[in-house]
Amino acid sequence: MEAVKKEEILILAIESSCDETAAAVVKNGRAVLSNVISSQIDLHKLYGGVVPEIASRKHIEKINQVIQEALDTAKVTLDEIDAVGVTYGPGLVGALLVGVAEAKAIAYAKGLPLVGVHHIEGHISANYIENPDLEPPFLCLVVSGGHTHLVCVRDYGVYEVIGRTRDDAAGEAFDKVARAIGLGYPGGPKIDKLSREGNPDAISFPHAHIDGAPYDFSFSGVKSAVLNYINGCRMKEIDYNTADIAASFQKAVIDVLVDNAMRAAAEYRFSKFAIAGGVASNSALRAAMKKACGEHNIEFYHPSPILCTDNAAMIGAAAYYEYLAGTRHGWDLNAVPNLKLGER
Ligand code: KG4
Ligand code: ZN
């Protein structure tokens, strides 16, 4: 392992796994000097979801500009960067490849170490940025558009996944229900907003628990129940209240997330609990987790909303701890669309 002698390690981090082209400069894993995000949402909105081919092309168009802006905002040049961190999976293969190729080119040209990062490790590490006191071990619920994982963070870079979704990810369920009630893409933030006007107890949607897998999740049942409810109302020509549907659906999802997380925290004896991923920016989820943690005497951590959804600062935080642990990738680093957490 290469000895780390400098006191300040500056990492240039790149993220392009889905529909955000992002670059950041992060000092010592926790201080964000810049965090530039170019979102493609307006483009994909036209199609009701992310179109992989369009995402890759847009990443190619934007990536150099985004990296330059990240360096300029941080007031540094590539000569001051100590390592390049990049998301290499999981995600859309064509989208990931753009970031990986760019990171390799910069690292090779400047003779810098290359540190590949797992996207979920990035989401979890977003919690380190605004919580200087947070250190492992802690339990983390990762809820995003592609993942719903309950993870024991044993140490920096050491993860044990104890629960995962059997079907839809939490964010995917939000997006599909939003589409069904005519809110458009991406649905999560819109359901969050509309729910504030609705009654969460108006409709009783199913809360799935899986026999023999106490920390796993399933959201396809609640999603289908919402669709059936809407179809039933339409067939009977009964008016339905979209705010009540949104609030009741959101409550059903949150109840299960809170219940599984709190049971796991008790069983595994964690005194610290964090949330991460796009859905972690949901205001009702944050409030429910805060309340539950208070009742269970557990310290609750969460990133700011901008650090919950995809960004490169979180990749810089994760890359720093991987860098300290000696993780170095070669020029053969490739995009791995189904990369498992904890694999190197
Ligand atoms: O972490 P993220 O930006 O990308 C992935 O890694 O998937 O998460 C995106 C997901 C989308 O499904 C989006 O609808 C959801 O996070 N999301 C939300 C909220 N903001 C974003 N879901 C619920 N409430 C929100 N406020
Ligand atoms: Zn993500």
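Each position in the sequence shown, counted from 1, maps to that position plus 16 in my numbering. Note that the Cβ used here is the ideal one computed from N, Cα and C, for glycine as well. None of these values were measured; they are calculated from a predicted model.
Task: Spatial distance of Y175 from L323 (CA atoms) - done: 20 angstroms
Open item on the list: Residues in the same chain with beta-carbon distance under 6 angstroms from R344, minus the five sequence neighbours each way, listed in chain order, please.
Closed with: P129
Open item on the list: Closer than 6 angstroms to a non-hydrogen atom of ligand 2 - does that hold for the CB of D326?
Closed with: yes
TODO: For the region 258-268 and the region 209-220, state whether three or more C-beta atom pairs, one from each stretch, are separated by less than 8 angstroms.
DONE: yes
- [ ] Could you tell me whether any non-hydrogen atom of ligand 1 is closer than 6 angstroms to the CB of V67?
- [x] no
Task: Whole-number beta carbon distance between L349 and K120, since they are thought to touch under 8 angstroms - done: 6 angstroms
Open item on the list: Distance check for L199 and V102, CA to CA, integer angstroms please.
Closed with: 33 angstroms
TODO: Measure the C-alpha to C-alpha separation of E118 and T89 and round it to an integer number of angstroms.
DONE: 19 angstroms
- [ ] Assuming V114 and I79 form a contact by the criterion Cβ under 8 angstroms, report the distance between their Cβ atoms to the nearest whole angstrom.
- [x] 6 angstroms
TODO: Pull up the distance between the alpha-carbon of K288 and that of H318, whole angstroms please.
DONE: 11 angstroms
Task: Exposure of A241, with buried meaning 16 or more beta-carbon neighbours within 10 Å - done: buried
Open item on the list: How far does the beta strand (DSSP E) with I53 in it extend, from its first residue to its last?
Closed with: 47-55
Open item on the list: Shorter than 6 angstroms, the distance from the beta carbon of S54 to the closest heavy atom of ligand 4, or not?
Closed with: Ligand 4 is not part of the structure shown, which contains ligand 1 and ligand 2 as its ligands.
Task: Contact the region 200-208 vs the region 166-173: 3+ CB pairs below 8 angstroms - done: no
- [ ] Taking K126 as the reference, give the member of L108, N298, D95 with the closest Cα.
- [x] D95
Task: Endpoints, alpha helix (DSSP H) assigned at R250 - done: 236-251
Task: Stretch pair the region 180-196 + the region 325-332: three plus CB contacts closer than 8 angstroms - done: no
TODO: Give the secondary structure of E36 by DSSP, where H, G and I count as helix, E and B as strand, and everything else as coil.
DONE: strand
- [ ] Out of N276, V352, E213, D260, point me to the one whose CA is closest to F233's CA.
- [x] N276
Task: Contacting residues, own chain, Cβ-Cβ under 6 angstroms from M17 (five flanking each side not counted) - done: Residue confidence for M17 is low, a pLDDT of 48 falling below 50, so the modelled location carries little weight and cannot support an answer.
Open item on the list: Considering only their Cβ atoms, is the gap separating L26 from P68 smaller than 7 angstroms?
Closed with: no
Task: Own chain partners of A123 with C-beta closer than 6 angstroms, once the 5 adjacent residues on each side are dropped - done: V100, L130
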